[in-house]
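**Q** Sharing a structure, written as structure tokens. Questions coming.
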């Protein structure tokens with residue numbers, strides 16, 4: 001599991017990105033356009049999205065004079081699967097979005113601020129603390145957001161075609 005704080009000057013960058021891990025991207029300032037094999041999403045300030053492992057097309061930009069900022073938490077599917085085995089399965093959610101948007105509430109805002117503060121202070125986190133902070137995030141998402149819980153469970157169980165060819169064909 002890794003925590004990465006992005007603070008970019010550039011505006012309107014569009015990139016093909018290959019994630020070798022899944023990621024949760026929290027937008028602090030700016031906007032992210034995301035295309036994956038599962039669908040598309042536009043994520044703004046105080047929102048987040050789970051990005052599946054594999055190919056994605058991403059555009060990030062600031063919407064004001066400030067810089068684009070986001071917190072990305074990358075994690076392997078195996079780590080997610082191991083966590084999901086420790087908690088009871090939630091009730092089934094019938095309407096699952098392709099890429100559900102996570103709305104940042106006060107709790108998540110505090111969580112993001114704590115992680116960013118640790119990163120900016122260059123604090124070395126022990127593997128135990130990294131696991132704890134990751135589990136804290138997953139617990140709040142699983143308990144408070146049924147659509148995200150269903151998406152994470154599907155992500156842990158699925159091996160989808162994330163080839164760039166499939167993504168481009170799906171979004172033409």
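Residue numbers (the numbering used here): 1 to 172. The C-beta atom is built at its ideal place from N, Cα and C for all residues, glycine as well.
#1: Which complete alpha helix (DSSP H) runs does the region 64–152 hold, if anything under 4 residues is left out?
#2: Taking 8 angstroms as the threshold (C-beta atoms), are residue 100 and residue 147 in contact?
#3: Indicate whether residue 102 and residue 71 have their beta-carbon atoms separated by less than 8 angstroms.
#4: Check whether the Cβ atoms of residue 57 and residue 3 sit closer than 8 angstroms, and answer yes or no.
#5: Would you identify the three-state DSSP class for residue 57, choosing helix, strand or coil?
#6: What are the start and end residues of the beta strand (DSSP E) that includes residue 25?
#7: Considering Cα atoms alone, identify which of 79, 132, 142 and 98 is closest to residue 39.
#8: So which of 5, 7, 48 and 120 has the shortest CA-CA distance to residue 25?
#9: Taking residue 152 as the reference, give the member of 119, 69 and 89 with the closest Cα.
#10: Mind checking residue 139: buried by the 16 CB within 10 Å criterion, or exposed?
#11: Distance, Cα to Cα, residue 61 vs residue 30?
#12: How many whole angstroms separate the CB atoms of residue 51 and residue 19, which I take to be in contact at a CB cut-off of 8 angstroms?
#13: Do you know how far the Cα of residue 45 is from the Cα of residue 64?
#14: Exposed or buried, residue 106, counting other C-beta atoms within 10 Å across all chains shown (16 or more means buried)?
#15: Where residue 21 and residue 82 are concerned, what is the direct C-alpha to C-alpha distance, given to the nearest angstrom?
#16: Please determine, among 121, 68, 36 and 32, the residue with the shortest C-alpha to C-alpha distance to residue 155.
**A** Reading from the atomic positions:
#1: Whole alpha helix (DSSP H) segments, 4+ residues: 77–84, 106–120 and 127–144.
#2: By the CB criterion at 8 angstroms, residue 147 and residue 100 fall inside the cutoff.
#3: 8 angstroms or more divides the Cβ of residue 102 from the Cβ of residue 71.
#4: Between residue 57 and residue 3, the C-beta spacing is not below 8 angstroms.
#5: Correct three-state label for residue 57: strand.
#6: For residue 25, the enclosing beta strand (DSSP E) begins and ends at 22–29.
#7: Selection 79, 132, 142 and 98 evaluated against residue 39 yields 98 as nearest (Cα-Cα).
#8: Minimum Cα distance to residue 25 is reached at 48.
#9: The candidate whose alpha carbon is nearest that of residue 152 is 89.
#10: Counting Cβ neighbours within 10 Å, residue 139 comes out exposed, since fewer than 16 surround it.
#11: Roughly 5 angstroms separates the two Cα atoms.
#12: In this structure residue 51 touches residue 19 by the C-beta definition: roughly 6 angstroms separates them, less than 8 angstroms.
#13: Those two C-alpha atoms are separated by around 11 angstroms.
#14: With fewer than 16 other Cβ atoms inside 10 Å of its own Cβ, residue 106 counts as exposed.
#15: Taking C-alpha positions only, residue 21 is separated from residue 82 by approximately 15 angstroms.
#16: Checked all of 121, 68, 36 and 32; the closest Cα to residue 155 is 36.
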